[in-house]
Amino acid sequence: MPDGAPSSVGSRRRRTATTILVLAGFCVLLPVILVAAALVALSAAFANLNFDFSTHRAHLKPIPIAADACPYVNAMHQAAHDYEVAFPFPVVPSTDANGRPLPWPTARARIGNAADVLEYSIIVSSSHFPAPVQRYLATVRRDLDAGREQLGLARDGMDLSGRVLSLQSDGQQAFGYASDLIGTQCGEPLGV
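Last residue of the sequence shown: number 177 in our numbering, and the count goes up by one each step with no gaps.
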């Protein structure tokens, strides 16, 4: 045997062992890297979503509202707040008074009740406002009705959020526009 042969075989074995270790490490780390990348992408996507329509949209100028409409503004404002509490966005599950997550059937009932109360407050209030406000409130009602259908089909809060994301966005924007038109003539805005 030539003088370099044993070291050549040993060197080849070390390279093979090193290659195997690198590939094994890569196979172990690849899922971790992919999950981390997915979490970063998801975080960036949620960070870029616009959940606050009151500050990131063109606002409308207020129009005259009758003073006797003000109690209805307050009632719809409270109903909208209660709905927002009952149906937090997908990253936050509905919780009880102690902050514990609610079981889905309980959360579903709570969301449905809050949607019913909000819609009822709009039905009772709408005729007390000028036509432009009524049109935006009608959009909110349509979105609530469509969302209620999806509520019955949803398996959990994440499923519901995925089903109603565009409805929720559209309804919030319409409610925001109605709030713009009403302004602060009644002491507090319609929107939450």
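Here a beta-carbon is modelled for each residue, glycine too, at the ideal position from N, C-alpha and C. Remember, it's a predicted structure, so these values are computed and weren't measured experimentally.
Item to check | Residues near residue 131 by beta carbon distance below 7 Å, same chain, minus five either side | outcome: As a working mapping, residue 131 is identified with position 146 in the sequence shown. The beta carbon of residue 131 sits closer than 7 Å to those of 152, all from its chain and outside the five residues before and after it, given in chain order.
Checklist entry - Since residue 80 sits in a beta bridge, which residues does DSSP pair it with? => result Your numbering for residue 80 matches position 95 in the sequence shown. For residue 80, the pairing in a beta bridge is given by DSSP as 86.
Checklist entry - For the stretch 44 to 56 against the stretch 85 to 102, are there 3 or more C-beta pairs whose distance is under 8 Å? => result Touching, no.
Checklist entry - Looking at the unbroken alpha helix (DSSP H) that takes in residue 66, where does it start and where does it end? => result Counted from its first residue, the sequence shown places residue 66 at position 81. Looking at the DSSP string, the run of the alpha helix (DSSP H) that includes residue 66 is 55 to 71.
Next on the checklist: Below 8 Å on the Cβ atoms is my contact criterion, and I expect residue 133 with residue 161 to pass it. Report the Cβ-Cβ distance as a whole number of Å.
Outcome noted: The count along the sequence shown starts at 1 and reaches residue 133 at position 148. The count along the sequence shown starts at 1 and reaches residue 161 at position 176. Not a contact, Cβ separation roughly 21 Å.
Checklist entry - Going by alpha carbons, who is nearest to residue 124 out of 113, 163, 142? => result In the sequence shown, counting from the first residue as 1, residue 124 sits at position 139. Comparing Cα-Cα distances from residue 124 to each of 113, 163, 142, the minimum goes to 163.
Checklist entry - If you draw a straight line from the C-alpha of residue 79 to the C-alpha of residue 3, how long is it? => result The residue you call residue 79 lines up with position 94 of the sequence shown. The residue you call residue 3 lines up with position 18 of the sequence shown. For residue 79 and residue 3, the distance between alpha carbons rounds to 51 Å.
Checklist entry - Taking the alpha helix (DSSP H) that residue 147 falls in, what are its first and last residues? => result The residue you call residue 147 lines up with position 162 of the sequence shown. Start and end: 142 to 167.
Checklist entry - Which class does residue 23 belong to by DSSP, given the choice of helix, strand or coil? => result For the purposes of this step, residue 23 is identified with residue 38 of the sequence shown, where counting begins at 1. Reliability fails at residue 23, whose pLDDT of 49 lies under 50, so the model's placement of it is uncertain and no value is given.
Item to check | Cβ-based burial, residue 137 [other Cβ within 10 Å; buried from 16] | outcome: Reading the sequence shown from its first residue, position 152 is the one you call residue 137. Exposed, because fewer than 16 other Cβ atoms sit within 10 Å of the Cβ of residue 137.
Item to check | Among 58, 1, 5, the one whose alpha carbon lies nearest that of residue 173 | outcome: Residue 173 sits at position 188 when you count from the first residue of the sequence shown. That would be 58, whose Cα lies nearest to the Cα of residue 173.
Checklist entry - If you run the structure through DSSP and keep just helix, strand and coil, what is residue 111? => result By one-based count along the sequence shown, residue 111 stands at place 126. Assignment of residue 111 by DSSP, reduced to helix, strand and coil, places it in the helix class.
Checklist entry - How many whole angstroms separate the CB atoms of residue 110 and residue 60, which I take to be in contact at a CB cut-off of 8 Å? => result Taking the first residue of the sequence shown as 1, we reach residue 110 at position 125. Taking the first residue of the sequence shown as 1, we reach residue 60 at position 75. That belief holds up - the Cβ atoms of residue 110 and residue 60 are roughly 6 Å apart, short of 8 Å.
Checklist entry - Can you list the alpha helix (DSSP H) stretches of 4 or more residues lying completely in the stretch 115 to 141, in chain order? => result Within the stretch 115 to 141, complete alpha helix (DSSP H) segments of at least 4 residues are found at 116 to 138, given in chain order.
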